[in-house]
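Going line by line, the protein sequences match chains A, B and C.
For what it's worth, my numbering labels the leading residue of the first sequence as 1, then goes sequentially.
For what it's worth, my numbering labels the leading residue of the second sequence as 1, then goes sequentially.
For what it's worth, my numbering labels the leading residue of the third sequence as 1, then goes sequentially.
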Amino acid sequence: MSETQTSSAPRELKLMSRSTYLKEAALKNLFMLCATMAVAGVVLIFLFVGWRGWPVFSEVGLKGFLGGSEWLPTQGLFGILPLLVGSLVVTLGALALGAPLAVGTAVFLSEIAPPRVRSVVRPAVELLAGVPSVVFGFFGLLVVRPIVADLTGGLGFGPLTAWLILAIMIVPTIATLTEDALGSVPDGIREASYAMGATTWQTIWRVLLPAAKIGIIDAVILGMGRAIGETMAVLMVVGNAPVFFRGIGKPVSTLTSQIVMDMPYASGVHRTALFGLAIILFLISMGLVGLVRGLSRLREGTR
Amino acid sequence: MSDTLDCAASPAVEGAAPEVKITVRDLDFYYGDFHALTGISCDIKARSVTAFIGPSGCGKSTFLRCLNRMNDLIPGTRVDGTVLLDGQDIYGPGVDPVDLRRRVGMIFQQPNPFPMSIYDNVAYGPRLHGVKKKSELDDIVRDSLERANLWKEVKDILDRGGLTLSGGQQQRLCIARVLAVQPDVLLMDEPCSAIDPTSVQKIEDLMAELKSSVTIIIVTHNMQQAARTSDETAFFLQERSGEPAVLVEFGRTADIFTSPKDKRTEDYITGRFG
Amino acid sequence: MKRDAKNLTNTLALAAFWVAGITTVVVLFAVIGYVFINGARQISPEFIFTNPHGVNAEGGVWPTIVATLYVTGLAMLLVTPVAVLAAVYLAEYAVQGRLVRTIRFAADTLASVPSIVMGLFGLALFVESMGLGFSVISGALALSFLMLPIVMRTTEEAIRAVPKYIRWGSYGLGASKWQTVSRVVLPAAASRIITGIILAAGRAVGETAVVIFTMGTMINTPILPTDPGRSMTVHLYQLSMEGINMPAAFGTALLLMAMVLAFNLSARWLLRRNRRMQG
Numbered sequence: 001m002s003e004t005q006t007s008s009a010p011r012e013l014k015l016m017s018r019s020t021y022l023k024e025a026a027l028k029n030l031f032m033l034c035a036t037m038a039v040a041g042v043v044l045i046f047l048f049v050g051w052r053g054w055p056v057f058s059e060v061g062l063k064g065f066l067g068g069s070e071w072l073p074t075q076g077l078f079g080i081l082p083l084l085v086g087s088l089v090v091t092l093g094a095l096a097l098g099a100p101l102a103v104g105t106a107v108f109l110s111e112i113a114p115p116r117v118r119s120v121v122r123p124a125v126e127l128l129a130g131v132p133s134v135v136f137g138f139f140g141l142l143v144v145r146p147i148v149a150d151l152t153g154g155l156g157f158g159p160l161t162a163w164l165i166l167a168i169m170i171v172p173t174i175a176t177l178t179e180d181a182l183g184s185v186p187d188g189i190r191e192a193s194y195a196m197g198a199t200t201w202q203t204i205w206r207v208l209l210p211a212a213k214i215g216i217i218d219a220v221i222l223g224m225g226r227a228i229g230e231t232m233a234v235l236m237v238v239g240n241a242p243v244f245f246r247g248i249g250k251p252v253s254t255l256t257s258q259i260v261m262d263m264p265y266a267s268g269v270h271r272t273a274l275f276g277l278a279i280i281l282f283l284i285s286m287g288l289v290g291l292v293r294g295l296s297r298l299r300e301g302t303r
Numbered sequence: 001m002s003d004t005l006d007c008a009a010s011p012a013v014e015g016a017a018p019e020v021k022i023t024v025r026d027l028d029f030y031y032g033d034f035h036a037l038t039g040i041s042c043d044i045k046a047r048s049v050t051a052f053i054g055p056s057g058c059g060k061s062t063f064l065r066c067l068n069r070m071n072d073l074i075p076g077t078r079v080d081g082t083v084l085l086d087g088q089d090i091y092g093p094g095v096d097p098v099d100l101r102r103r104v105g106m107i108f109q110q111p112n113p114f115p116m117s118i119y120d121n122v123a124y125g126p127r128l129h130g131v132k133k134k135s136e137l138d139d140i141v142r143d144s145l146e147r148a149n150l151w152k153e154v155k156d157i158l159d160r161g162g163l164t165l166s167g168g169q170q171q172r173l174c175i176a177r178v179l180a181v182q183p184d185v186l187l188m189d190e191p192c193s194a195i196d197p198t199s200v201q202k203i204e205d206l207m208a209e210l211k212s213s214v215t216i217i218i219v220t221h222n223m224q225q226a227a228r229t230s231d232e233t234a235f236f237l238q239e240r241s242g243e244p245a246v247l248v249e250f251g252r253t254a255d256i257f258t259s260p261k262d263k264r265t266e267d268y269i270t271g272r273f274g
Numbered sequence: 001m002k003r004d005a006k007n008l009t010n011t012l013a014l015a016a017f018w019v020a021g022i023t024t025v026v027v028l029f030a031v032i033g034y035v036f037i038n039g040a041r042q043i044s045p046e047f048i049f050t051n052p053h054g055v056n057a058e059g060g061v062w063p064t065i066v067a068t069l070y071v072t073g074l075a076m077l078l079v080t081p082v083a084v085l086a087a088v089y090l091a092e093y094a095v096q097g098r099l100v101r102t103i104r105f106a107a108d109t110l111a112s113v114p115s116i117v118m119g120l121f122g123l124a125l126f127v128e129s130m131g132l133g134f135s136v137i138s139g140a141l142a143l144s145f146l147m148l149p150i151v152m153r154t155t156e157e158a159i160r161a162v163p164k165y166i167r168w169g170s171y172g173l174g175a176s177k178w179q180t181v182s183r184v185v186l187p188a189a190a191s192r193i194i195t196g197i198i199l200a201a202g203r204a205v206g207e208t209a210v211v212i213f214t215m216g217t218m219i220n221t222p223i224l225p226t227d228p229g230r231s232m233t234v235h236l237y238q239l240s241m242e243g244i245n246m247p248a249a250f251g252t253a254l255l256l257m258a259m260v261l262a263f264n265l266s267a268r269w270l271l272r273r274n275r276r277m278q279g
């Protein structure tokens, strides 16, 4: 023991030492630098993808690119409308199937499932999130596609197969966030509803879902982002024909799948146009994140 | 610790005017725009136990945390006025709050052992301050656990996790942990409110032993505990919500509990105590 | 009568929720079961440990296993220090303000960037502009941007879950901020942080679109970080799209699923063990 206990001569209080101060300040700045890596990442993506893709707007023209209805690289036509429509059809169909399934799963987990069942279903949802998209694509190609082919004729490549696969793939995203939203509804509200003689269903439908509404909308928007950006699984089942949507059993192409299909051999303007597609995808996903943040600000405002 | 009020008389017997450890003058405290404390002045005597009492939300814990600048950790807080420790302003320019907290240790309401072994819990402070030698650390750990009356119970399980102890033992482990850095002042923020009643007695006994070497300040909701353990008592009150709290009365515990000078103190003591 | 209708609606609705929950589980088991049942026949020491050869990639998949683990491990090494310290900043140091809002928005954006966009970004920056070529290091750099927001978020949650009482205990003993963070907070949060890193690594193992444009498609056992390679995911994609060697595709799919499941289950196990210890 180096010091005597409470001697009558009081020890001077130390001033903050310069070296300690500098060390703590330097560490803080280092950590801040690390945190800004996320910002740097977004800026770098924007810069580099933009740098490679930007010329498409001058070489093909805004109208020819964003407004063009034909994607025929060999003829110098790079109209993205068929791809945009393809992405939209695939995404909206997947949401129509997947969102109810996911919200239903979340409600089941949060309100209905007995603990033992929950302890199986919840890990299953989490594991589903970990299944690689190429495996989903593989499963879709070999299992779902033949079934769809029987239903619609043709080979089964097309939006319907993509819907079925994507619907499952977005379940974890939407279900997890919806369960969080339901979990943040105070128990008192549930009890009040049950105390008035409401059934479980009435409590869910009239009280819980409205109370968790904005959280569920957030979840669906993020699920939508996942669906629009999904590449491999869609690529493997959608048929990759860059034409307008003609039917649920007929091949189409999407923004993401067209990039992977064309990239290995593209050069010149074609390659630029593919980076241009990536810019569009990036802006869409950023816009969806911005929308979710805007909504959550709205939610904080109303509370 | 036999009767309720007798211990209050003991320190004055020593004759000479007791030396003052902490001097507070005109202290005001703000959480952002909220004015939490105003005009607090008092002298806290060395090697004694001072109790802070008052209703919930009266600012006594806030005031306690001003004495080792723990409030600095909360963004947006501000202190006006002076707090002198051995005559030196702890809010003076350049004073290192980290060094201050070494000298003014703190025990919290919730026992908070670190998620590491009993030994490492006690050795944490000395290690921070540069003690590396195993034998020296062993001595400090043993000495501190002995002073905290915990050595006998844990000497064979020093490598077990601190969180495996009972609540009362955890609190004494936290006391040992603070003693290991040799503080002159020990701030205790409702140290007994989250532990079982049988352990309370042990902590109160410990306070009586420690006050020969350490100045103790305890915040408590329990009037009997204040009366049993303290030499001096300070009564805090926030008279209306939204207004800052004040120090209503400060004096010898025996006087505060038997013949308070202020009507508000009397109302509170009789309301809670009688 | 009215009451019966009410009960009937309730029963039907609850049944629908059961169906939703069960569907999710059934689909998961269908995918896993399909891959395992069809892939099991292909798995042999030769398949795992030998190189593919011939035009139809007969033989094994060893180089793709090496490339996958190599690129994932390197990405973990790159991302862990940055992401953990970034989370320390957000959880312990940062004051709510414009900078923090910007960082969080950027992290959310990064988390939702489609993997194909991340792949083209890696191609433009690491492969071409920085001249790293199709290589493990290009792949790892691109994957680390994918993992960054995941590890940041799980680490920040882990740090915030450490009770503030414990921090006070350390400050009250005269510890500086960095001492408190490095000696008490991070050790207390360690197992949850590691869980987050493992989960992010599981994501990286299953990633295709990023590595196809950064590490390339060449079958090669990478030794140096600058060597190219083909990941298991890319191998599976190529085999199944070409349709030339489906047995190998099934075997690859099984190994890939097994690896991803191993990452996920070990992360869950770690978390549960930790919960029990703090229990």
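Note that beta-carbon positions come from the ideal geometry of N, C-alpha and C, so glycine has one too.
No experiment lies behind these values; they were computed from the predicted model shown.
Per DSSP, which residues does residue i bridge with? Please list them.
i, result
"residue 117 of chain B", "B/161"
"residue 249 of chain B", "B/235"
"residue 107 of chain B", "B/188"
"residue 43 of chain B", "B/23"
"residue 71 of chain A", "A/78"
"residue 78 of chain B", "B/30"
"residue 88 of chain B", "B/85"
"residue 283 of chain C", "No information on residue 283 of chain C is available, as it lies outside the stretch 1 to 279 that chain C covers here."
"residue 216 of chain B", "B/49, B/186"
Once DSSP output is grouped into helix, strand and coil, what is the label at residue i?
i, result
"residue 1 of chain A", "Any answer about residue 1 of chain A is weak, because its pLDDT of 39 lies below 50 and its placement is not dependable; what the coordinates show is given next. In the structure shown, residue 1 of chain A sits in coil (DSSP, three-state: anything other than H, G, I, E or B)."
"residue 163 of chain C", "coil"
"residue 132 of chain C", "coil"
"residue 5 of chain B", "Because the pLDDT of residue 5 of chain B is 40, which lies under 50, any placement of that residue in the model is unreliable, and the question is left without a value."
"residue 287 of chain A", "helix"
"residue 235 of chain C", "helix"
"residue 4 of chain C", "helix"
"residue 194 of chain B", "coil"
"residue 147 of chain B", "helix"
"residue 139 of chain B", "helix"
"residue 270 of chain A", "helix"
"residue 52 of chain B", "strand"
"residue 211 of chain A", "helix"
"residue 11 of chain B", "Model confidence at residue 11 of chain B stands at a pLDDT of 41, short of 50, so the residue's coordinates are unreliable and nothing is read from them."
"residue 169 of chain C", "helix"
"residue 37 of chain B", "strand"
"residue 60 of chain A", "coil"
Assuming residue i contacts residue j under a Cβ cut-off of 8 Å, what Cβ separation, rounded to an integer in Å, is found between them?
i, j, result
"residue 14 of chain A", "residue 96 of chain B", "5 Å"
"residue 139 of chain C", "residue 71 of chain C", "4 Å"
"residue 206 of chain C", "residue 42 of chain C", "Between residue 42 of chain C and residue 206 of chain C the Cβ distance is about 19 Å, and since that is not below 8 Å, they are no contact."
"residue 125 of chain A", "residue 113 of chain A", "Contact doesn't hold; Cβ gap of about 11 Å is too wide."
"residue 265 of chain B", "residue 248 of chain B", "6 Å"
State buried or exposed for residue i, treating a residue as buried only when at least 16 other CB atoms are found within 10 Å of its CB.
i, result
"residue 53 of chain C", "exposed"
"residue 7 of chain C", "exposed"
"residue 224 of chain B", "exposed"
Under 8 Å Cβ-Cβ, which residues of chain F neighbour residue i?
i, result
"residue 188 of chain C", "Of the protein chains in the structure, A, B and C, none is chain F."
*Determine contact between the region 265–276 of chain A and the region 101–111 of chain A, defined as no fewer than three beta-carbon pairs at a distance below 8 Å.*
no
*Are at least three pairs of beta-carbons, each pair with one atom in the region 192–204 of chain C and one in the region 95–109 of chain C, less than 8 Å apart?*
no
*Decide yes or no for the touch test of the region 90–107 of chain B against the region 169–184 of chain B: beta carbon pairs closer than 8 Å, at least 3 of them.*
yes
*Examine the Cβ distances between the region 202–213 of chain A and the region 64–84 of chain A and report whether three or more of them are shorter than 8 Å.*
no
*With a cut-off of 8 Å, do at least 3 Cβ pairs link the region 158–176 of chain A to the region 230–240 of chain A?*
yes
_With three or more beta-carbon pairs closer than 8 Å as the criterion, would you say the region 217–224 of chain B touches the region 46–59 of chain B?_
yes
_Whether or not the region 272–280 of chain A and the region 116–135 of chain C are in contact is what I'm after, with contact meaning three or more pairs of Cβ atoms, one per stretch, closer than 8 Å; do they touch?_
yes
*asked:* Three Cβ pairs or more, each shorter than 8 Å: is that satisfied between the region 127–137 of chain A and the region 255–268 of chain C?
replied: yes
*Counting Cβ pairs closer than 8 Å, one from the region 22–35 of chain A and one from the region 75–91 of chain C, do we hit at least three?*
yes
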